[in-house]
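Only one structure is covered here, and it is reproduced in the block below.
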Amino acid sequence: MKRLLPISLLLAALCISTAAFAQKDKVVEASSKRKPAWIGSSDRSHFAVTEVGETLAAASGKCMASIRQYIVNAVAVNVSSAEKMATRQITRDQLVTAMSDYSSALMTEAGQLPYLNDITLSNAEAVYWERIYSKKTKTYRYEYSVLYPFPEQTRRQLIEAFVAIDDAKQAEYERLRRELGTITDIDRIRLAVNELDGLYDYFFDATRKGDVETLRRNYRALYNAVSIEVESEAPGECVYSLRLDGRPATTAVQPRLKSESVLEMAVKPYGDGRYLLSYDPQYASPTDINKIEVLYLFGGARVSQTIFFNPAGDAVSVRPKGTLRIEQSGGVIRGTMQLRVSGTAAEVRRIVLFNPADGARIVAERIEPPQLAGGDCSVTFEAQGSISPATDGVDVLRGSIGFGNSADGKASEADFTLHYKLTTK
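This is the structure:
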């Protein structure tokens, strides 16, 4: 019985080998009689790729894509921190040996590297293909192999080209970072955000992606720093300007105009970065509260100003302007606000501020002087509470001011958005 066991094992092995051989694929056609030795190998000046396809053209196309990807993988340097960026700068004149499995950044920019666009079968060192029949699946397939030249000099040149592209992208980011605090064209914000979207897609290291995301957020926050400042008023017209974080600003965007008192309204540039709002007040009643809302929509932010007018010509309006200066100490706020008063005289009755951090409402308790003559002037006020430092680097504070006409006692209110300077003691 023991003697029969080895014989049984031998027969079983023969059966398995026969079955495996029966299922083995068969080469039914080939580009040459012998399979080249270079398949599956590479050296310092060549590399080989093999791809499979249902047709010869499909397998060949996959091969070309693999060649391109191999070269990209050999060039793209894995950058995941600022320290690795510094290392890359040191080794830029040498052959970078630390290859990365992440190469989509360079693949995106491949159109700028002529060598990658010149990859064709005519430049291959050798080509070999086989048509194979699978006895197991009873199907045919093509295996296509290419030996492609990739000398060290070419590798260095591509690395330098990639570094040049990367440096240009970094320079673009630095330019946008410098422009953040100097923009006066509100429409430029949208263009800058679009540029940053492209940089975010390109940068493949977490450090620079984070920097771009922060800068993109700060650009979008600029929309909340836009305000409308009334310059002068006269019957049938109002001259105003736009402010961006306290700086004079312009835009090609047309505002939306809304009023229940007038029908014909229009806004046009008035020179020196100002805008002229013209309207026909002939149908407005002197006994009503007549107003026009000027509304701009910037990147999802609503920037508005309400213009009050009296068709009789004796209207009074109070408009905050300039920089709001705030000093706070021990829970007490002291502020100085610049105003422009249109009309003969006005009375400031209330000033309300909203804390930028949480929107908390802060009401001024004492306003000096309460009575104001027409023209440019300023008031001081005190209030209980606290104002938080600016967020996202935008020093903007929102609020409202209540005022009245000393002659007839009519009360009005105007919202404002002002650049502010905070001092804490």
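Read in order, the letters of the sequence shown are residues -22 to -1, 1 to 403 in mature numbering (1 follows the signal peptide of the UniProt record, and there is no 0).
We put the beta carbon where it would ideally sit given N, CA and C, even for glycine.
- Ranked by Cα distance from P127, the first of R339, R22 and N383 is R22.
- Shown here for Y197: same chain residues with a beta carbon closer than 6 Å to its own, the five before and five after excluded, namely I167, A170 and V171 in chain order.
- Taking a cut-off of 8 Å on C-beta distances, the region 125 to 140 does not touch the region 150 to 163, as fewer than three cross pairs fall below it.
- As DSSP reads the structure, T117 sits in a beta bridge with S112.
- Setting aside the 5 residues that flank it on each side, I97 is surrounded in the same chain by I45 and R46, each with a C-beta closer than 6 Å to its C-beta; the list follows chain order.
- Shown here, Q349 sits in a strand according to DSSP, grouped into three states.
- Scanning the region 253 to 317 for uninterrupted beta strand (DSSP E) segments of 3 residues or longer gives 268 to 276, 279 to 287 and 295 to 307, listed from N- to C-terminal end.
- Partner residues in a beta bridge of R195, as assigned by DSSP, do not exist.
- Between T228 and T162, the gap from beta carbon to beta carbon is short of 8 Å.
- For the pair of segments examined, the region 277 to 296 was found not to touch the region 330 to 341: the number of CB pairs separated by less than 8 Å stays below three.
- Here A212 carries a strand assignment [DSSP, helix/strand/coil].
- Counting C-beta atoms within 10 angstroms of its own C-beta, I379 has 16 or more neighbours from the protein chains shown and is therefore classed as buried.
- Y248 places its beta carbon less than 8 Å from that of V217.
- Rounded to the nearest whole angstrom, the C-alpha separation of Y111 and A142 is 48 Å.
- Ranked by Cα distance from L174, the options A184, G159 and T192 are led by T192.
- Between F381 and M243, the alpha-carbon positions lie close to 25 Å from each other.
- With respect to the C-alpha of V240, the residue from P259, G18, V310 and G224 having the closest C-alpha is P259.
- Counting only runs of at least 4 residues, the region 159 to 196 fully encloses the following alpha helix (DSSP H) elements, listed from N- to C-terminal order: 165 to 180.
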